[in-house]
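Written out below as structure tokens is the structure these notes cover.
Number of protein chains: 2
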Amino acid sequence: MTAERSTRDRLLDSFETLLVSDGSRAATLEAVAAHAGASKGGLLYHFHTKDELIGAMLDRLRDHAAADVERMRVAPEGPAAYYLNTSVDSGSDFDRALIATARIAQENVDAASETLDAVRADWLAVLFEHLNDRPLAQAIQLMGDGLYFNDTTGNQDPQALTSAHEILKRLGL
Amino acid sequence: MTAERSTRDRLLDSFETLLVSDGSRAATLEAVAAHAGASKGGLLYHFHTKDELIGAMLDRLRDHAAADVERMRVAPEGPAAYYLNTSVDSGSDFDRALIATARIAQENVDAASETLDAVRADWLAVLFEHLNDRPLAQAIQLMGDGLYFNDTTGNQDPQALTSAHEILKRLGL
DNA sequence: GTCTATATTCTGATAGAC
DNA sequence: GTCTATCAGAATATAGAC
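Protein chains in written order, with our numbering: chain A, 1 to 173; chain B, 1001 to 1173.
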């Protein structure tokens, strides 16, 4: 009884997947439609313009993010460790949406930059609530950003996450 | 007696500038040529294909990087502080080349990923030589990556660099 | 809701004049 | 070395059939 994923959702999934794997130039309407097993016309029924496609992606990201912030708040390992662990791309829907949005933000699309900024502010707020130490909270977020950045650039160093955790320990966490 | 910047160099500068400010989609041959005050035909005399343009950018980046690694080695404030300080985009030619290359690397262009990877490996080697502490060296590099990533996504938090330095202090640096 | 066909504009690249 | 003119193919978007 698994609910079928709607065409609309599959189109958004495909848009994100192409953005993450091959960047913005590769995420054409035709490529997105083909990846989702649909036609360009079919895509344009759901999203009248490319901007609408981007907007729908940002809406989904905000939903994902709200849920993640809640998980982070109650994570047994603590928000800091939770944050670092989930900063290395696990292939989750949320990671994909986040990296895809970063790609769009880099093209100077204000709505994408603002959404990313809001998500990052929520994370930082939880880190700060928990740690009550602004420099520490920001340093943890920077390391998380670094982990993402590297996953995203085609170079992963599996040791990096381990090192980040080791440094947390040294800082009293 | 300032030497005039050659058309070839101005074209590479413009390519990098457009990549950094508006992303890969905006860095078309026509846009690059116009930004450099030249024509598409003029550009294609110097670089026969777009791949050649990218290759020339990577060559320049490697030259910049070799010089930067030397500066880092002898920096009076030490390699770690030098690295963090130069990880927030100062608008230098080197920063521009580095961020521009990250944009291309995200499009799954192997030559760009490999060049970035080599530059990062050189930095990490200097950090490790100086600190003799792998997790610490990697954590510093992660924070530097995080600073770059944020500069690059349209969101700068001026406090982030200060926090990173504060954490270095706490870690005994 | 989804498809095919088509219009329009953009992009990378060639040819050849100056 | 640099430009203009031009072409083939790709990208976004529209119209209308099913």
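By construction, the Cβ of each residue, glycine as well, lies at the ideal position given by its N, Cα and C atoms.
Within chain A, the residues 139, 142, 143, 146 have their CB atoms less than 8 Å from the CB of residue 1143 of chain B, given in chain order. Interface flag for residue 1023 of chain B against chain A is set, since a Cβ pair is found closer than 9 Å. In the DSSP assignment, residue 162 of chain A falls within the alpha helix (DSSP H) that extends over 158-170. From the beta-carbon of residue 1135 of chain B, the residues of chain A found nearer than 7 Å are 163, 166, 167.
In this structure residue 143 of chain A touches residue 1143 of chain B by the C-beta definition: roughly 6 Å separates them, less than 8 Å.
When the alpha-carbon of residue 21 of chain A is set against those of B:1160, B:1109, B:1140, the nearest one is in B:1109.
Residue 1113 of chain B belongs to the set of residues whose beta carbon lies under 9 Å from a beta carbon in chain A. Chain-ordered listing is empty here: chain A has no CB closer than 7 Å to the CB of residue 1097 of chain B, the nearest sitting near 15 Å.
Taking the C-beta atoms as reference points, residue 1053 of chain B is found nearer than 9 Å to residue 1012 of chain B. Around the CB of residue 1070 of chain B, fewer than 16 other CB atoms lie within 10 Å, so the residue is classed as exposed. The beta carbon of residue 14 of chain A is closer than 6 Å to those of 32, 35, 36 in its chain, skipping five residues each way along the sequence.
For the C-beta of residue 1107 of chain B, the chain A residues within less than 9 Å are, from N- to C-terminus, 22, 23, 24, 25, 26.
Residue state for residue 74 of chain A is assigned as helix, using DSSP reduced to three classes.
Taking the C-beta atoms as reference points, residue 1122 of chain B is found nearer than 9 Å to residue 1066 of chain B. The Cβ atoms of residue 1058 of chain B and residue 1040 of chain B do not sit closer than 9 Å to each other. Around residue 1086 of chain B, no beta-carbon contact reaches into chain A at under 8 Å, the shortest distance being about 15 Å. DSSP, reduced to helix, strand and coil, places residue 155 of chain A outside both helices and strands of the structure shown, so it counts as coil. When only Cα atoms are considered, residue 1077 of chain B and residue 1138 of chain B end up about 19 Å apart. In this structure, A:107 is the residue among A:107, A:8, A:149 with its C-alpha nearest to the C-alpha of residue 1018 of chain B. From the listed residues A:171, A:85, A:43, the smallest Cα separation to residue 161 of chain A is found for A:85. Within chain A, no residue has its CB atom less than 9 Å from the CB of residue 1091 of chain B, the nearest being about 17 Å off. Put simply, of B:1113, B:1125, B:1093, B:1105 the residue whose alpha carbon is nearest the alpha carbon of residue 1063 of chain B is B:1093. Of the residues B:1129, B:1091, B:1147, the one whose Cα lies closest to the Cα of residue 1016 of chain B is B:1091. Between residue 1068 of chain B and residue 1152 of chain B, the C-beta spacing is not below 9 Å. In its chain, beyond the 5 residues on either side, 1089 have a beta carbon closer than 7 Å to the beta carbon of residue 1095 of chain B. From the listed residues B:1111, B:1165, B:1127, the smallest Cα separation to residue 140 of chain A is found for B:1165. Comparing alpha-carbon positions, the option among B:1145, B:1136, B:1132 lying closest to residue 1119 of chain B turns out to be B:1145. DSSP places residue 129 of chain A in the uninterrupted alpha helix (DSSP H) bounded by 110-131.
Within the segment 38-71 of chain A, the runs of alpha helix (DSSP H) at least 4 residues long that lie entirely inside it are, in chain order, 40-46. Listed by position along chain A, the residues whose Cβ is nearer than 8 Å to that of residue 1044 of chain B form an empty set, because the closest Cβ is around 19 Å away.
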